[in-house]
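If you count by mature numbering (1 follows the signal peptide of the UniProt record, and there is no 0), then the sequence shown holds residues -18 to -1, 1 to 400, one letter each, in order.
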Amino acid sequence: MILRVFAIFATIFVAVSSKKVEQVHLSLSGKQDEMMVTWLTQDPLPNVTPYVAFGVTKDALRLTAKGNSTGWADQGKKKVMRYTHRATMNSLVPGQVYYYQVGSSQAMSDVFHFRQPDQSLPLRAAIFGDLSIYKGQQSIDQLIAARKNNQFDLIIHIGDLAYDLHDNDGDNGDDYMNAIQDFAAYVPYMVFAGNHEVDSNFNQIVNRFTMPKNGVYDNNLFWSFDYGFVHFIALNSEYYAEEMSKETQLQYKWLENDLAGNSKKWTIVMFHRPWYCSSKKKKGCHDDQDILSRDGLKDKFPGLEELLNKYKVDLILYGHKHTYERMWPIFNAQPFKSQDPGHIKNAPAPVYILTGGAGCHSHEDPSDHIIQDFSVKALGEYGYTFLTVYNSTHLSTDYVDTSETSGEFLDPFVLEKD
């Protein structure tokens, strides 16, 4: 009898825990009065509607928004099924703090909160690439501490997540997403693919996240959105590295239209693979897979550098190399130097920042590199780039050392324009 009761209890426990809500994270849709939320369960929710309940006080989550569910198989040998649920909170008031809870009648999450972005205020964003669940814990801890101290409004991860999301039949991705929930459930967490997300046609990026729609594929691989004075653009450099000609051409056409329709004062472009940086090689970063997106190849792979320069992009950030380096404004491999490398006004070309040092399986120290002529500052500490956009004429970046949760700033820089 005791064994039977235990067996029944165990069965109930497994059933409930398998429907447990996990991996809750926010993202921006591109609309100022919306916030998207995504979460995951290990089992399906048959005949049950996922939803988000939200409100302006923790004890009165009176508003609801229905969600939708997607079942998808991991690319490992076991083909483990997971279930991603998505909902959008709308009619939100800028600057208002909202409390929310996600799930279904089967199980609900804890109550989280966020402040709906007030785009009339300066924007504060953490930007980084190449963050591992195992080697990047110090950066994760610092980001959580900074979130708790209300130090930023937005987080952007520019490729290479978890190392890798699909490892161990996707369990590694689960561990990573649960580890970052303490910042990603409170601040919008925007992502796109690096080379470590290419596997099985970007399966993990497509199915674990919810990014702004681009009207081409709407699969999280490239997107853009406005925030205050800034137009952000995320591109998929892996289309080039994987020689996906059709996709590169469609992305290029989308990008050209997106840039032509952009009216924001600042334009910031991000992708994973670097175009310019120092390395152990005499020419610096010059791998064919990396610079194909920059230079292009005939009609099959349209190069992007000339287009970005034509539309006067202000700042370009990327990762892939596991270190930090800020560069002068560059076009066609030529740096445009001025009197003060820490304060540049009316840059004639984009300023470049390599920010791939958040922490992964390998780390690069610039002391081993041949520093290039276009380089301004190279740092080997683990960390991320901290961006502040003050207004239509001034923005700044800095590099946050994550060896301690206090986060020392190591590379203050101001970009100014008329």
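Each residue gets a CB set at the ideal place from its N, CA and C atoms; glycine is no exception.
Since the model is a prediction, treat every value here as computed from it, not as a measurement.
Do you know offhand how far G12's Cα is from K117's?
-> K117 has its alpha-carbon roughly 32 Å from the corresponding atom of G12.
How is the alpha helix (DSSP H) around N239 delimited, first residue to last?
-> Here the alpha helix (DSSP H) through N239 covers 227 to 242.
Mind checking D135: buried by the 16 CB within 10 Å criterion, or exposed?
-> Result: buried.
Hey, S121 and G341: beta-carbon distance below 9 Å or not?
-> Yes. Within cutoff.
Given that a residue counts as buried once 16 or more other Cβ atoms are within 10 Å of its Cβ, and exposed if not, what is residue 401?
-> Residue 401 lies beyond the residue range present for the chain, which begins at -18 and ends at 400; the question has no answer from this structure.
Where G155 sits in the DSSP three-state scheme | Helix.
Thinking C-beta only, is A108 closer than 9 Å to I140?
-> The answer is no: Cβ separation not under 9 Å.
Tell me the start and end of each unbroken alpha helix (DSSP H) in the segment 275 to 328 that is at least 4 residues and wholly inside, in chain order.
-> The qualifying runs are 287 to 292.
What does DSSP give as the partner residues of M18 in its beta bridges?
-> For M18, the beta-bridge partners assigned by DSSP are S9, T70.
Burial state of F(-6), where buried means 16 or more other Cβ atoms lie within 10 Å | At F(-6), the pLDDT of 38 sits below 50, so the modelled position is not reliable; the number obtained from the coordinates is stated separately. Classification for F(-6): exposed.
N202, DSSP secondary structure in three states = Three-state result, N202: coil.
Own chain residues within Cβ distance below 7 Å of E390, not counting five before or after | Within the same chain, D383 come within 7 Å of E390 by CB-CB distance, once the 5 residues on both sides are set aside.
Beta carbon of G338, beta carbon of D112: below 9 Å?
-> Yes. Within cutoff.
Give the DSSP-derived three-state secondary structure of E220 in the structure shown.
-> It is helical.
Given Y158 as reference, the closest of H7, N218, G49 once Cα atoms are compared = Ranking H7, N218, G49 by Cα distance to Y158 puts H7 first.
Buried or exposed by the 16-neighbour rule on C-beta atoms within 10 Å, applied to residue 401 | Residue numbering for the chain in the displayed model covers -18 to 400; residue 401 lies beyond these limits and cannot be assessed.
Looking only at C-alpha atoms, which of D322, V173, R308 sits nearest to T20?
-> Ranking D322, V173, R308 by Cα distance to T20 puts V173 first.
What span of residues does the beta strand (DSSP E) with A107 cover, start to end?
-> Per DSSP, A107 belongs to the beta strand (DSSP E) from 105 to 110.
How many Å lie between D322 and H254 at the Cα?
-> If you draw a straight line from the Cα of D322 to the Cα of H254, it is about 28 Å long.
CB-CB length for R308 against V358, believed under 8 Å | With a beta-carbon spacing of about 5 Å, R308 and V358 fall inside the 8 Å limit used to define contacts.
So what does DSSP say about N189, is it helix, strand or coil?
-> Correct three-state label for N189: helix.
What is the C-beta distance between A69 and P32, in whole angstroms, given that I count them as a contact (C-beta under 8 Å)?
-> P32 and A69 do touch by the CB rule: their CB atoms are close to 7 Å apart, below 8 Å.
Tell whether a beta-carbon distance below 9 Å holds between A55 and N72.
-> The answer is no: Cβ separation not under 9 Å.
Count the other CB atoms, across all protein chains shown, that sit within 10 Å of the CB of G197; report buried if there are 16 or more and exposed otherwise.
-> That one is exposed.
So, F191 versus S9, is the Cβ gap smaller than 9 Å?
-> With a cutoff of 9 Å on beta-carbon distance, F191 and S9 are scored as near each other.
Tell me, to the nearest whole angstrom, how far the beta carbon of I115 is from that of A161; I am working on the premise that it is less than 8 Å.
-> Between A161 and I115 the Cβ distance is about 6 Å, and since that is below 8 Å, they are a contact.
Determine the contact status of A42 and V84, defining contact as a CB-CB distance below 9 Å.
-> In this structure, V84 does not lie closer than 9 Å to A42 by Cβ.
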